[in-house]
Every structure is written in C-alpha cells, then in structure tokens.
Amino acid sequence: MDLSPSPPAPDFVEARNRMVDGQIRPNRVYDRRILAAMRDLPRERFVPPELAARAYTDEDVPLGDGRVLTEPLVIARLLQSAAPVPGERGLVIGAGTGYGAALLAACGVDVTALEEDPRLLAIARAALAACAPGVRLVEGRLAAGRAEGAPWDLIIIEGAVPAVPPEIAAQLRPQSGRLATVLLSAGRTGQAIVAELTPAGLTSRPLFDCATPALPQLAANLGFTF
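Residue -15 is where the sequence shown starts when you use our numbering, and the numbers rise one by one after that.
Okay, here's the thing in structure tokens:
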C-alpha cells in the first residue's frame, strides 16, 4: 500500500490573484470591473476537472475539437476594448464553457451566450449556474449569430475568424454597437479588433496581435481551412 502523502490541492484563490497581478494588470488592463471579476470567478470551474490545474496559465486551454478556453489576457483586453456599459445587451458567440460571458456579465451587461457544442454547453450550464446565473445560455449555430434579440449593443466572438460574417455584423446596433474579436490574416497570425456598424458598413480598428486559435464553426462557414 502506498503511504506517501498526496500532493496538496491547488490553491485556486492564490492562482487567481497571481493571474491578475502577474498577467493581467501589468499588460494594460485597467477596467476595475474586469480585474475584480477575474479575481472572483473560479476559472477552474470553466474547464473539465482534469484541466483545472491549467486554468490559470497564460495560454489557451485546449478543450478538444479545435475549441479552447481563451487565454486570460486576450479575453480581458478584448472585453475592455469593447467598453461595456452597464445595462447594455451583449451577445457572446462561441461562448464555449462560458467564462468570457461571465466576465462580461460582471461588467453589468445583460448577456446572452451562444454555443453549439454539446460538451461545452454541459460545462457552461453548470459553471454559469454556479457563478453567473444571470447569463442566458442558448444553443444554436454560431455562424448564424442570434437574430432573436438583435440589435445587440455588444457582440463578442470568442475565437479567431478570417472575417466577420455579414449575417452577424447585421445584428449589431448601428452607430453605437461594438463587436470585438480576433481576425486571422493570410499569414495565420491574429489581430484583435473592435468594430462598429456605420452607414458605410462594418469599420474596425486594430487593438493588438495574438495567437488565438480559429473558431472552427465560423472559419469553416467562410470556406477557410487549416
């Protein structure tokens, strides 16, 4: 019989504080709502149990089938750049296990989270029920967005896309609405952007470079292969 002591259980509270103080605050994330939410939300609840120890690393956590839990700094900067206002209505496309949607809800936004993968939906249901019960989790095709409820003040696409599908862009509130995501270039690098719907169409400004993996459901919909 093995009598050696078991390894100590991870201190996730300490891990959250290290994440915020070591990864997030030093890298131009100033929104106090986002910082506070990242200290409070148990990120380990948004991954399968066997991946809990990886939840606070400064990288994307692979969830299978090309999906990931987005790197903490990338989702924090995306949400900050979208400038969420309390009371606005937001749609998170490719919500995955729900962490980004929970962060956005902590900023006072009325959040609908859209996901189509049954495995991720199961994790999201449990995590959001415990941590962000106000988030509405809905099942549906990511490439179609969510016309029900449009126009949206905020749309967050979690995962990189070669382009924003026109069907999704049309669901953004004209003039004041913002859409944040990561665009893939021909060189397969990513650039985070925030965009607005103007009379001339969707206009965007670049934010920062990142290596966020493609969101397969939207990349395939646009004929982009890897």
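Using N, Cα and C, we set each Cβ at its ideal position, and we do this for glycine too.
Proximity below 8 Å, CB of residue i to CB of residue j
i    : j    : result
Q7   : E100 : no
I141 : G50  : no
G174 : A144 : yes
L87  : G74  : no
G84  : V76  : yes
S169 : I177 : no
A66  : A164 : yes
R38  : R0   : no
P119 : V95  : Checking the displayed sequence, the identity of residue 119 turns out to be Val instead of Pro. Yes. Within cutoff.
I107 : Q64  : no
L57  : V45  : no
R9   : C115 : no
Q155 : A179 : no
Exposure of residue i, with buried meaning 16 or more beta-carbon neighbours within 10 Å
i      : result
P(-11) : Residue confidence for P(-11) is low, a pLDDT of 46 falling below 50, so the modelled location carries little weight; the figure read from the coordinates is stated next. With fewer than 16 Cβ atoms within 10 Å of its Cβ, P(-11) is classed as exposed.
A215   : No answer is possible for residue 215: it lies beyond the span of the chain, which begins at -15 and ends at 210.
G80    : buried
Y14    : exposed
E55    : buried
P149   : buried
P68    : buried
A113   : exposed
Spatially closest choice to residue i from the options, by CA coordinates
i    : options             : result
A90  : M3, R23, L57, R0    : R23
P197 : G82, M3, P146       : P146
D137 : Y83, G92, E72, A116 : E72
D193 : L62, R103, A20, G48 : L62
Boundaries of the alpha helix (DSSP H) in which residue i is found, first to last residue
i    : result
S211 : Residue 211 lies beyond the stretch modelled for the chain, which goes from -15 to 210, so this question has no answer here.
P183 : Element bounds for P183: n/a, residue is neither H nor E.
P102 : 102 to 115
R216 : Residue 216 cannot be examined here, being either before or after the span of the chain that is shown, -15 to 210.
G84  : 83 to 90
Opening and closing residue of the beta strand (DSSP E) in which residue i lies
i    : result
R2   : Taken as a continuous stretch (DSSP letters only), R2 belongs to no beta strand (DSSP E), being part of the alpha helix (DSSP H) at -4 to 3.
A153 : Looking at the DSSP string, A153 is not in any beta strand (DSSP E); the run it does join, the alpha helix (DSSP H), is 150 to 153.
P10  : Unbroken run through P10: none, as it is neither H nor E.
L47  : 45 to 48
T232 : With the chain represented from -15 up to 210, any question about residue 232 goes unanswered, as that position is not in the structure.
E123 : 120 to 123
C-beta neighbour in chain D for residue i, strict 8 Å
i    : result
G185 : Here there is only one protein chain, and chain D is not present.
### Query
Does the pairing of the stretch 119 to 127 with the stretch 157 to 169 give three or more beta-carbon distances under 8 Å?
no
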